[in-house]
Amino acid sequence: MLFDSGATHTFISQSYASKHGIKTSCIKESYNISAPGNPINTNLIVKRLVLSIGGEDFIISPVVLPHQGIDVIMGMNWMNENHAVLDIGSRTVQLMSNVSGKILKVHMPNQKHIEPTVNATEIQEIKKIPVVGEFPDVFPEELPGLPPDRNVEFSIELVPSTAPVSRRPYRMVPDELKELKTQLQEQLDKGFICPSSSPWGDLGGKRLCVDYQPLNAVTVKNKYPLPHIDILFDQLAGARVFSKIDLRSGYYQIKIREEDIPKTTFSTRYGLYENLVMSFGLTNAPAFFMYMMNSVFMNELDKFVVVFIDDILIYSKNEEEHEEHLRIVLTRLREHKLYAKFSKCAFWLKEVSFLGHILSEKGVAVDPSKVESVLNWKQPKTVTEIRSFLGLVGYYRRFIKDFSKTAKPMTSLTKKNAKYLWSPNCEEAFQSLNRSLTTAPVLAQPDVTKPFDVYCDASGNRLGCVLMQEGRVVAYASRQLKKHEANYPTHDLELAVVVHALKIWRHSLLGNTCHIYTDHKSLKYILTQPELNMRQRRWLELIKDYDLKIHYHPGKANVVADALRRRAHCNVIEARPTVRVLCCEIDEIELPTEQLAELYNLIIEPTIKEQIITAQKQNKGMAFIREGMDEKKRACFTLDDQGVLWFKNRLVVPKDMKLRKKILDEAHMSMFTMHPGSNKMYQDLKQKFWWTRMKREITKYVSECDVCQRIKADHLKPAGMLQPLEVPAWK
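By the numbering used here, the letter at position 421 of the sequence shown is numbered 401, and the numbering carries on one by one without gaps.
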């Protein structure tokens, strides 16, 4: 109940009347009531309602207000009839009953928590949304002052024998001081801060994000874990309907323990102030808020609710379930007096943006709006800028195939004592990572009721693996080898990538059947191998915790894992500018989800011929040959209309070892070749390509092929006819 001398009439909340079965009546003329936001029109009243105050009965006829946060407001019309006298100092109201005529004094308790008011414009929007329209009080226009008393309060435990820390405030320009004064007054009016005389005093900023570094340094850290983003999304398999809720100034909805309030004191030009509610900048604030939110939604977590600090995601398999789930979540918020910001919430969606990702029935994708800053990122000039860029891109590394290999030229610059030199390889890596985010695939959501497939491959200086389910990619993972791992034998490296996959995807694979595919045949027998070194024994103890089967996949068949260290075998024309157009055309076809995901996972890259032409333009040796042609010293070389260099109708391949190796790989162990010998391979390639010492390189390549050396028989001179052994002579 509120005694409001500024209200002309007495009002009652419609929800309060409905809850207590109070009958309302319609009148011909409606009331036009001024309220926060837009005016409210109502033609409902309650006739002759008996109100008991201090044991005395009073008759009221209140106007019914929809979405009113306070149950009953006693206005001036009623107070005038009952000769009310308000004593603000003693917080008492003197009344004369209009029934018995008795005079009584009523003491009004100090109400710490005031119900919030809701913007009338937002009310109209809220009422249109199913289920949400039943909870307008959860979406107030502003927080209603100090939060209510809860079972938990934010505490600041200090290291023993810690002395108070105090620092002088920063100097500010006049405009900053003006803004600071405004911010302080707003916080004071809301009751979030108050003047302080504490010996503590950290630096206050313009936006009241206090620099609490000295306090944080002596605070005992809260070890409550924040959930990993990938693990949060693993629960969404099968979800088709989504809603998200963002709390309004979440930190300000938590009180600080009374004895810890002086520790939050901050120093400004206008004096010392201390926080009564949890503030930004305190080291344990995220962990404590996560603990409180998990406590509120403990029964709903991993069933239909995902919580990350003040962001709440509700997911369901159909609309009927979602109606029930949404009502449960909003009821929890109402019960715990937690308030959300309606403008940042979204309901009943088929596709939702959450924590930098796009979630839908198809799976998880990168949110384009969140990677705009990456696309506009200028070339890093310092090691710090490189780390910043890699940190942002690394957040989406599960979407980027072969991330560690692509980023290696840049990560090598971040090593200790490394000389900073931005090479062409660094620029290529920088641009490649940018492109990878714009063409990132839609990853499937893992279903823990079905088996998983893991494709592994170790090569060169890196490990790579792909997690799949029912032919759809769930996640990519890769990393560079550590210094000591570079000395591992091949068998141990192939086993190391299996262990790496089991560790990073433990939350999905442990307790489920998984099939491991590797191109190292001896790993099939690792579980039954009698003799193992100490490293293999240690890893075997980890592997035995999983229900897995290891399968041998030949290198040319293990296309998925091999793609982590070399380009795909299919050569199609690169079409980066038409990616968005292609996606729209694919959507119009309305393919089944499985086929659509496979299409989105395809990689479009230049043909071998186009790569050679591009390399010719960038290679200095090609320019030397062109100059020689002008002097008639290179009669065998010709240039076509497009400036492409040929040698007797054979395309000239510049001295680019990566490009030449790709050509040799294609000719020797693609899906259309069967590991030909050096002579056959040379005869095939020389019809189309030419480079110096071509036959020598092909011979060396074939001699180093592991498959050829293990499987093919040596072509030696056959042995002669059997001859009897000479009979020894006995003495």
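Every residue, glycine too, gets a C-beta built ideally from N, C-alpha and C.
Nothing here was measured: the structure is a model prediction, and the numbers come from that model.
Is the distance from the Cβ of residue i to the Cβ of residue j below 9 Å?
i: Phe260; j: Val145; result: no
i: Asp433; j: Gln411; result: no
i: Tyr231; j: Phe269; result: yes
i: Val428; j: Asp214; result: yes
i: Tyr435; j: Tyr497; result: yes
i: Ile33; j: Leu84; result: yes
i: Phe334; j: Leu293; result: yes
i: Val200; j: Glu137; result: yes
i: Asp37; j: Val26; result: no
i: Leu252; j: Asn196; result: no
i: Lys692; j: His648; result: no
i: Val332; j: Lys224; result: yes
i: Asn492; j: Asp527; result: yes
i: Ile13; j: Ile20; result: yes
i: Gln425; j: Val454; result: yes
i: Ile(-8); j: Val43; result: yes
i: Val632; j: Ile678; result: no
i: Val731; j: Leu318; result: There is no way to answer for residue 731, as the model of the chain reaches only from -19 to 711.
i: Pro175; j: Glu254; result: yes
Using a Cβ-Cβ cut-off of 6 Å (strictly less than) and excluding sequence neighbours within five positions of residue i, which residues of its own chain qualify?
i: Met701; result: none
i: Tyr532; result: Lys501, Lys504
i: Leu443; result: Arg459, Val477, His480
i: Leu(-18); result: Ile50, Ile53
i: Arg187; result: Note that Arg187 scores a pLDDT of 48, beneath 50, so its modelled location is shaky; the value from the coordinates is reported in the next line. Counting only Cβ-Cβ distances below 6 Å, and skipping sequence neighbours, we find nothing.
i: Val287; result: Met273, Phe277
I'd like the span of the beta strand (DSSP E) that includes residue i, first residue to last.
i: Trp328; result: 326 to 329
i: Thr72; result: 72 to 76
i: Ile496; result: 493 to 498
i: Leu123; result: Where Leu123 is concerned, there is no enclosing beta strand (DSSP E), given that its DSSP letter is neither H nor E.
i: Glu254; result: 251 to 255
i: Val30; result: 29 to 33
i: Gln449; result: 442 to 449
i: Trp519; result: Counting along the chain, Trp519 falls outside any beta strand (DSSP E), though it belongs to the alpha helix (DSSP H) covering 514 to 523.
i: Arg628; result: Sequence check: residue 628 is Lys here, not Arg. Careful: Lys628 lies outside any beta strand (DSSP E) and carries neither H nor E.
Taking the alpha carbon of residue i as the point to measure from, which residue in the options has its own alpha carbon closest?
i: Pro207; options: Ala267, Gln516, Ile366; result: Ala267
i: Ala481; options: Arg517, Ile530, Asp664; result: Ile530
i: Met218; options: His0, Val373, Glu341, Asn659; result: It should be noted that the sequence gives Gly, not Met, for residue 218. Considering only alpha carbons, the answer is Glu341.
i: Thr22; options: Thr4, Glu36, Asp37; result: Thr4
i: Phe222; options: Gln74, Lys297, Asp527; result: Lys297
i: His63; options: Met76, Asp(-16), Met56, Lys324; result: Met76
i: Leu461; options: Trp58, Val344, Thr470, Asp636; result: Thr470
i: Pro128; options: Ile691, Thr672, Leu256; result: Leu256
i: Asn279; options: Glu300, Glu299, Glu301, His305; result: His305
i: Asp664; options: Lys680, Ser683, Glu706, Leu644; result: Leu644
i: Glu407; options: Gln425, Arg690, Ala387; result: Ala387
i: Gln689; options: Tyr662, Gly657, Arg673, Pro704; result: Gly657
i: Gln622; options: Lys641, Arg640, Ser10, Lys597; result: Lys597
Leaving out the 5 sequence neighbours to the left and right, which residues in its chain are closer than 7 Å to residue i when beta-carbon positions are compared?
i: Phe627; result: Cys616, Phe617, Trp670
i: Cys132; result: In the sequence as displayed, the identity of residue 132 is Val instead of Cys. Taken in chain order, the residues that qualify are Met272.
i: Gly601; result: Pro634, Lys635
i: Met56; result: Ser(-15), Ala(-13), Thr(-12)
i: Leu489; result: Phe432, Leu482, Tyr526
i: Phe115; result: Leu310, Arg314
i: Ala(-3); result: Thr4, Val26, Val44
Are any of the Cβ atoms in chain B nearer than 9 Å to that of residue i?
i: Val111; result: Of the protein chains in the structure, only one exists, and it is not chain B.
On the DSSP letters alone, give me the boundaries of the alpha helix (DSSP H) that residue i sits inside.
i: Asn274; result: 265 to 276
i: Thr248; result: Segment 246 to 248 is the beta strand (DSSP E) holding Thr248; no alpha helix (DSSP H) there.
i: Ile588; result: 588 to 598
i: Ile308; result: 299 to 315
i: Met390; result: 383 to 391
i: Arg640; result: 637 to 649
i: Asn659; result: 658 to 665
i: Tyr(-4); result: -6 to -1
i: Arg452; result: Segment 452 to 460 is the beta strand (DSSP E) holding Arg452; no alpha helix (DSSP H) there.
Rounded C-beta distance between residue i and residue j? I'm assuming under 8 Å.
i: Ser368; j: Pro389; result: Contact doesn't hold; Cβ gap of about 17 Å is too wide.
i: Leu715; j: Arg228; result: Limits of the chain in this structure are -19 at one end and 711 at the other, which puts residue 715 out of reach.
i: Ile109; j: Phe327; result: 5 Å
i: Lys235; j: Leu126; result: 7 Å
i: Arg630; j: Lys589; result: With a Cβ gap of about 12 Å, Arg630 and Lys589 do not count as contacting.
i: Leu520; j: Leu512; result: 7 Å
i: Thr72; j: Leu160; result: Incorrect: roughly 39 Å between the Cβ atoms, too far for contact.
Leaving out five residues before and five after residue i in sequence, what residues of the same chain have Cβ atoms less than 8 Å from its Cβ?
i: Ile553; result: With a pLDDT of 27 at Ile553, under the threshold of 50, the predicted position of this residue should be treated as unreliable, and no value is reported.
i: Pro557; result: Reliability fails at Pro557, whose pLDDT of 37 lies under 50, so the model's placement of it is uncertain and no value is given.
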